[in-house]
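Worksheet for the structure shown next.
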Amino acid sequence: MHGWQETLKFFLIISGELIVLFIGISILVGLLREYVPAAKIQRVLGQGKRGSIVGAGFGALTPFCSCSTIPLMVGLLNAGAAFGPTMSFLLASPLINPVVVGLFLIAFGWQITLVYFLFAFSLAVILGQMSEWGGLESSVRAVRITGGEDDRPQGGPFKARLKRASWSAWQEFLGFVPYMLIGVAIGAAIHGFMPQNWVARAAGPDNPLAVPVAAVVGVPLYIRASTMVPIGLALIGKGMSLGAVMALIIGGAGASIPEISLLAKIFKPRLLIAFVLAIFLTATLVGLLFNAVFM
């Protein structure tokens with residue numbers, strides 16, 4: 249009975265907090281996209297080499313899913329954007345966008361969120377620049393992708409923009425809520441029933457392989473950060489190291505199977521392998537850093 253009570257309590261509290269947070273952040277992001285549409289991003293990065301910091305910065309401000317990020321990436325390259333900044337954008341967008349950062353903030357607190365953002369942002373910048381220095385631009389296929397971008401009317405008074413942003417937030421929430429509820433339900437079950445000693449032994453801070461193994465599991469695993477954050481929160485409560493949870497979240501959010509399938513049509517094998525390795529490296533390094541700093 250106690251396990252069921254704890255499970256239900258965890259589910260109600262975490263799901264309520266995440267729903268309110270997601271809708272609020274989505275409205276703010278919708279307003280951002282009203283004033284800074286994807287076409288503007290494309291023009292800015294298409295005006296020559298602006299640096300991987302700019303590319304990662306745009307990624308951090310644009311919470312696009314893979315279906316929008318990848319066509320936008322192709323559009324950036326076709327518009328003449330430098331390869332390094334474009335890769336930084338591709339790496340940063342799924343990992344440090346406002347929705348992910350907001351979920352981290354409510355689940356893990358501002359200190360962990362700040363360290364996560366700074367380190368993931370830095371790696372997106374470094375790896376994007378390294379991909380350009382390594383000559384990987386030649387491994388991009390000559391393709392053009394149409395669609396996948398938001399064609400909402402732009403402009404108008406603030407009230408009209410707010411209305412469009414709110415409607416967009418509601419539509420995104422309808423697509424988000426099943427994944428979130430699944431993640432919270434799994435996390436609640438872990439919180440209420442999974443033996444703490446088993447988790448601590450298998451993936452606790454005393455296991456030196458916990459972080460790289462979590463990164464390996466996360467890369468092919470199709471999970472959204474919104475699904476994994478409540479699961480990770482429950483796993484931490486059961487004794488899983490913070491670093492292993494971070495590696496799992498980054499691996500799953502940064503290189504999901506659908507995203508890799510889309511990229512396989514755009515990247516030649518050399519660049520596709522380099523992208524997956526970059527996500528694995530980011531997940532592992534962030535995980536090890538978190539274990540060193542917070543454990």
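249 is the number of the first residue of the sequence shown in this note's numbering; add one for each residue after it. Note that CB positions come from ideal geometry on N, CA and C, so glycine has one too.
Among the candidates the options, whose CA atom is the shortest distance from the CA of residue i?
i, options, result
"ALA368", "GLY502, ILE354, LEU520 and ILE521", "GLY502"
"ILE430", "PHE528, THR317, GLY480 and LEU362", "GLY480"
"LEU483", "PHE356, VAL349, ALA329 and LEU533", "PHE356"
"TRP381", "SER336, ALA408 and VAL348", "SER336"
"GLY332", "TRP358, VAL388 and VAL347", "VAL388"
"LEU339", "GLY491, PHE523 and SER489", "PHE523"
"ILE318", "ILE344, LEU511, LEU536 and GLY350", "LEU511"
"ALA462", "GLY485, LEU324 and SER489", "SER489"
"ILE508", "ALA526, GLY491, ALA492 and VAL493", "ALA526"
"GLY303", "GLU265, GLY264 and ILE344", "ILE344"
"ALA495", "VAL467, PHE515 and LEU519", "VAL467"
"MET476", "VAL348, TYR283, GLY278 and GLY305", "VAL348"
"LEU280", "ALA540, ILE497 and ALA417", "ALA417"
"ILE498", "LYS513, VAL373 and LEU529", "LEU529"
"ILE374", "GLY487, GLY305, LYS513 and VAL541", "GLY305"
"LEU544", "LEU410, VAL534 and ILE267", "As shown, the chain starts at 249 and ends at 543. That puts residue 544 outside it, with no answer to give."
"GLY423", "ARG409, LEU325, TRP252 and ILE267", "ILE267"
"ARG409", "TYR283, GLN253 and ALA540", "TYR283"
Let me know if residue i comes out buried or exposed under the rule of 16 or more other beta-carbons within 10 Å of its beta-carbon.
i, result
"ALA531", "buried"
"PHE406", "exposed"
"LEU457", "exposed"
"GLN377", "buried"
"SER300", "buried"
"SER379", "buried"
"SER274", "buried"
"SER551", "What is shown of the chain runs 249 to 543, which leaves residue 551 out entirely."
"GLY264", "exposed"
"GLY307", "buried"
"LEU201", "The displayed coordinates of the chain run from 249 to 543. Any statement about residue 201 would go beyond what the structure contains."
"PHE259", "buried"
"ALA540", "exposed"
"GLY218", "With the chain covering 249 to 543 only, the question about residue 218 has no answer from this structure."
"PRO342", "buried"
"THR394", "Low per-residue confidence applies at THR394: pLDDT is 47, beneath 50, and the placement is therefore not dependable, though the value from the model is reported in the following sentence. So THR394 counts as exposed."
Per DSSP, what kind of secondary structure is residue i in: helix, strand or coil?
i, result
"VAL465", "helix"
"VAL493", "helix"
"LYS297", "Because LYS297 sits at a pLDDT of 49, beneath the cut-off of 50, its placement in the model cannot be relied upon, and the following sentence gives the value as read from the coordinates. Of the three classes helix, strand and coil, the one that applies to LYS297 here is coil, per DSSP."
Check the C-beta distance from residue i over to residue j and give it rounded, since I have them as a contact under 8 Å.
i, j, result
"PHE365", "ILE271", "Incorrect: roughly 22 Å between the Cβ atoms, too far for contact."
"LEU536", "VAL459", "6 Å"
"ILE521", "VAL322", "Between VAL322 and ILE521 the Cβ distance is about 19 Å, and since that is not below 8 Å, they are no contact."
"SER278", "ARG412", "The residue you asked about is not Ser; residue 278 is Gly in the sequence shown. Rounded, the Cβ-Cβ distance is 7 Å, consistent with contact."
"THR310", "LEU324", "With a Cβ gap of about 12 Å, THR310 and LEU324 do not count as contacting."
With a threshold of 6 Å (Cβ to nearest heavy atom), would residue i be considered close to the ligand ZN?
i, result
"GLY264", "Absent from the structure shown: the ligand ZN. Ligands present: none."
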